[in-house]
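Protein chains: 2
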Amino acid sequence: MRVEIWGDVVCPWCYIGTTRFEKALAGFDHRDQVEVIHRSFELDPGHDKAHVEPVHKMLADKFGPRGPGMDQQVARTAAGEGLAYRTDRQVGSTLDAHRLLHLAKAHGRQHRLLSLMFETNFAQARTIFTHDALLHLATRAGLDQNDARSVLDDPDAYLDAVRADEQEAARLGATGVPFFVIDRRFALSGGRPVEAFAQALSTAWSERPLAPAAPPGTVCGPDGTCEVPHPDA
Amino acid sequence: MRVEIWGDVVCPWCYIGTTRFEKALAGFDHRDQVEVIHRSFELDPGHDKAHVEPVHKMLADKFGPRGPGMDQQVARTAAGEGLAYRTDRQVGSTLDAHRLLHLAKAHGRQHRLLSLMFETNFAQARTIFTHDALLHLATRAGLDQNDARSVLDDPDAYLDAVRADEQEAARLGATGVPFFVIDRRFALSGGRPVEAFAQALSTAWSERPLAPAAPPGTVCGPDGTCEVPHPDA
Numbered sequence: 000m001r002v003e004i005w006g007d008v009v010c011p012w013c014y015i016g017t018t019r020f021e022k023a024l025a026g027f028d029h030r031d032q033v034e035v036i037h038r039s040f041e042l043d044p045g046h047d048k049a050h051v052e053p054v055h056k057m058l059a060d061k062f063g064p065r066g067p068g069m070d071q072q073v074a075r076t077a078a079g080e081g082l083a084y085r086t087d088r089q090v091g092s093t094l095d096a097h098r099l100l101h102l103a104k105a106h107g108r109q110h111r112l113l114s115l116m117f118e119t120n121f122a123q124a125r126t127i128f129t130h131d132a133l134l135h136l137a138t139r140a141g142l143d144q145n146d147a148r149s150v151l152d153d154p155d156a157y158l159d160a161v162r163a164d165e166q167e168a169a170r171l172g173a174t175g176v177p178f179f180v181i182d183r184r185f186a187l188s189g190g191r192p193v194e195a196f197a198q199a200l201s202t203a204w205s206e207r208p209l210a211p212a213a214p215p216g217t218v219c220g221p222d223g224t225c226e227v228p229h230p231d232a
Numbered sequence: 000m001r002v003e004i005w006g007d008v009v010c011p012w013c014y015i016g017t018t019r020f021e022k023a024l025a026g027f028d029h030r031d032q033v034e035v036i037h038r039s040f041e042l043d044p045g046h047d048k049a050h051v052e053p054v055h056k057m058l059a060d061k062f063g064p065r066g067p068g069m070d071q072q073v074a075r076t077a078a079g080e081g082l083a084y085r086t087d088r089q090v091g092s093t094l095d096a097h098r099l100l101h102l103a104k105a106h107g108r109q110h111r112l113l114s115l116m117f118e119t120n121f122a123q124a125r126t127i128f129t130h131d132a133l134l135h136l137a138t139r140a141g142l143d144q145n146d147a148r149s150v151l152d153d154p155d156a157y158l159d160a161v162r163a164d165e166q167e168a169a170r171l172g173a174t175g176v177p178f179f180v181i182d183r184r185f186a187l188s189g190g191r192p193v194e195a196f197a198q199a200l201s202t203a204w205s206e207r208p209l210a211p212a213a214p215p216g217t218v219c220g221p222d223g224t225c226e227v228p229h230p231d232a
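So the sequence lines, in the order shown, correspond to chains A and B.
FYI, numbering that gives the first Met the number 0 numbers position 194 of the first sequence as 193, with every residue one higher than the one before it.
FYI, numbering that gives the first Met the number 0 numbers position 133 of the second sequence as 132, with every residue one higher than the one before it.
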């Protein structure tokens, strides 16, 4: 079974929702047969890469005096999940982070790198918006430093993969993140309670589709040969 | 809508079935909203990389005198689809080809590279089993030559991605290829007729699931902010 999670590394509800999902997954009987894939979704796709600012300033600019209070509200929810959450963190473009997460996916390091990004941004309020910071996290996640640098230095590397993820989210009807999709059959939006994720996993498992058999003579099997029932016909 | 196609570059029915699928897709009204992803499935995962032999010899070893006739039967079916198909081609390990197809996927060149591999192997009976040959095809597909060489030279590059595709096929119930999955809801095995693919695309389209709305206060929207309906609560 496959769970795809669209999210952004600066999205508070992605941080909380992904943690809740992982709690549900840890308690799921068939967790060994669940593959989790993180997909790109920039909250602010046009964000100027050079522009990094404190979150409380961004919120105050958008919402006025009540802005910073909104983030403190989310901080209380995060604390309820046992998550450190600092409101003095910064916000900037996440495009390079997403490109790097695609490299990490290719090397089986995606979950580790995303966890480090969440922790660095939300729990430590340290920057994830410079190439130096991203390179450091990539290395800690077990990626080859030269591979990571090569991706960061080439703005086109994995750009199509990021855009494909984002277009796919739109096609599937996502209007915000986190957005969870199980086997392309069940979708959940937002930071649902652990129980909601547990229920969705159970339902999706019990309703797994089975693949239909192929008609004879049209399929090549794992023994390296192709069925041809009437070779002399 | 997403169509995933598991197959191998030396699998005759994958060559024929993928061509038939593409004919169905070309006639599908919503083809612009269909993403096609090719996934790895080695017919012979343990194939010694150094061992390359004529297909007719492999078939004769496995099936005796009737072996080569089986491939001639498939050649007639291929001709019926307008496909050149040479029975004097070779067979070898496809692991490196699959690893390279994952690199091509990251750069939006997967379909082009796979088409070149099918053409080189089946229509021209030229080798796709050496690094030189693969490097040449990668360059023709628009990949950066150094990137391609770096992947071919590192036997671990994209190895996990190949294995993940193969494990996913097993989880979904595939016992052979080609194996077509639409939105993880509909599956077809084997080289079905064009009409079968057209019907599957139509059915899947008309039954697309819609994403549920998230409860207020649990989702971060594309404007870069997160809904918190009662910031002072």
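The beta-carbon is built from N, C-alpha and C at its ideal position, and this holds for glycine as well.
Computed from a prediction, not measured in an experiment: that's the story for all the values here.
Excluding five sequence neighbours on each side, which residues of the same chain lie with their C-beta closer than 7 angstroms to the C-beta of residue 201 (chain A)?
The beta carbon of residue 201 (chain A) is closer than 7 angstroms to none in its chain, skipping five residues each way along the sequence.
CB contact check: residue 18 (chain A) to chain B, cutoff 9 angstroms:
Output row for residue 18 (chain A): interface = no.
Residue(s) in a DSSP beta bridge with residue 187 (chain A)
A:179
Could you please give me the residues that DSSP links to residue 6 (chain A) through a beta bridge?
When beta bridges are read from the DSSP output, residue 6 (chain A) appears opposite A:39.
Can you round the beta-carbon distance between residue 111 (chain B) and residue 141 (chain B) to whole angstroms, since I take them to be within the 8 angstroms contact cut?
That belief holds up - the Cβ atoms of residue 111 (chain B) and residue 141 (chain B) are roughly 6 angstroms apart, short of 8 angstroms.
In angstroms with no decimal places, state the Cα-to-Cα distance between residue 109 (chain B) and residue 126 (chain B).
19 angstroms
Quick check: the region 94-105 of chain A against the region 63-74 of chain A, are there 3 or more CB pairs under 8 angstroms?
Under the Cβ criterion (8 angstroms, minimum of three pairs), the region 94-105 of chain A does not count as touching the region 63-74 of chain A.
What span of residues does the alpha helix (DSSP H) with residue 249 (chain B) cover, start to end?
Absent from the structure is residue 249 (chain B), since the part of chain B shown begins at 0 and ends at 232.
Which residue from B:37, B:213, B:138 puts its Cα closest to that of residue 160 (chain B)?
B:37
Name, please, each residue of chain A whose Cβ falls closer than 9 angstroms to the Cβ of residue 32 (chain B).
Those within 9 angstroms of residue 32 (chain B) in chain A are 170.
Report the CB separation of residue 80 (chain A) from residue 19 (chain A) in whole angstroms; it is logged as a contact under 8 angstroms.
7 angstroms
Taking just the CA atoms, how far does residue 135 (chain A) sit from residue 174 (chain A)?
Approximately 32 angstroms between the Cα atoms of the pair.
Using the rule of at least 16 other Cβ atoms within 10 Å of the residue's Cβ for burial, across every protein chain shown, is residue 167 (chain A) buried or exposed?
buried
With distance defined between alpha-carbon atoms, name the residue in A:205, A:54, A:116, A:21 nearest to residue 74 (chain A).
A:54
Counting Cβ pairs closer than 8 angstroms, one from the region 172-189 of chain A and one from the region 1-18 of chain A, do we hit at least three?
Three or more beta-carbon pairs separated by less than 8 angstroms link the region 172-189 of chain A to the region 1-18 of chain A, which places the two stretches in contact.
Any chain B beta carbon closer than 9 angstroms to residue 152 (chain A):
no
Determine the direct distance from the alpha carbon of residue 17 (chain B) to that of residue 51 (chain A), and round the result to whole angstroms.
Straight-line spacing of the CA atoms in residue 51 (chain A) and residue 17 (chain B) works out to 47 angstroms.
Same chain, Cβ closer than 6 angstroms to residue 188 (chain A), neighbours up to 5 away in sequence not counted:
178
Those runs of the beta strand (DSSP E) which lie wholly inside the region 41-121 of chain B and span at least 3 residues
none
Using a Cβ-Cβ cutoff of 7 angstroms, what residues of the region 43-70 of chain B are near chain A? List them in chain order.
43, 61, 65, 68, 69
What does the alpha-carbon distance come out to for the pair residue 93 (chain A) and residue 149 (chain A)?
17 angstroms
Suppose the cutoff is 8 angstroms on Cβ atoms and the five residues either side in sequence are ignored; what does the same chain contact list for residue 115 (chain A) look like?
136, 139, 140
Any beta carbon from chain B within less than 9 angstroms of residue 81 (chain A)'s own beta carbon?
no
What do you reckon, are the CB atoms on residue 252 (chain B) and residue 204 (chain B) nearer than 9 angstroms?
Because chain B spans 0 through 232 in this model, residue 252 (chain B) falls outside it and cannot be assessed.
Check the Cβ-Cβ distances between residue 155 (chain A) and every residue of chain B, and say whether any is below 9 angstroms.
Taking Cβ atoms only, chain B reaches closer than 9 angstroms to residue 155 (chain A), which makes this a yes.
Taking all protein chains shown into account, decide if residue 145 (chain B) is buried (16 or more other Cβ within 10 angstroms of its Cβ) or exposed.
exposed
Restricting to Cα atoms, I'd like to know which of A:23, A:22, A:26, A:42 is closest to residue 225 (chain B).
A:42
Where does residue 129 (chain B) fall in DSSP's three states?
coil
Classify residue 231 (chain A): buried if its beta carbon has 16 or more other beta carbons within 10 angstroms, exposed otherwise.
Only weak support is given to the placement of residue 231 (chain A): the predicted model assigns it a pLDDT of 37, under 50, and the question is left unresolved by the model.
CB contact flag (residue 182 (chain A), residue 184 (chain B), <9 angstroms)
yes
Could you give the distance in angstroms between the alpha-carbon of residue 15 (chain A) and the alpha-carbon of residue 217 (chain A)?
47 angstroms
Roughly how many angstroms separate the alpha carbons of residue 170 (chain B) and residue 22 (chain A), rounded to a whole number?
It is roughly 23 angstroms from the alpha-carbon of residue 170 (chain B) to the alpha-carbon of residue 22 (chain A).
Would you say residue 107 (chain A) reaches chain B, if we count a Cβ-Cβ gap shorter than 9 angstroms as a contact?
yes
Measuring only between beta-carbons, confirm whether residue 198 (chain A) sits less than 9 angstroms from chain B.
no
Using a C-beta cutoff of 9 angstroms, does residue 166 (chain A) count as contacting chain B?
yes
For residue 129 (chain B), which residues in the same chain have their Cβ closer than 7 angstroms to its Cβ, ignoring the five residues on either side in sequence?
none
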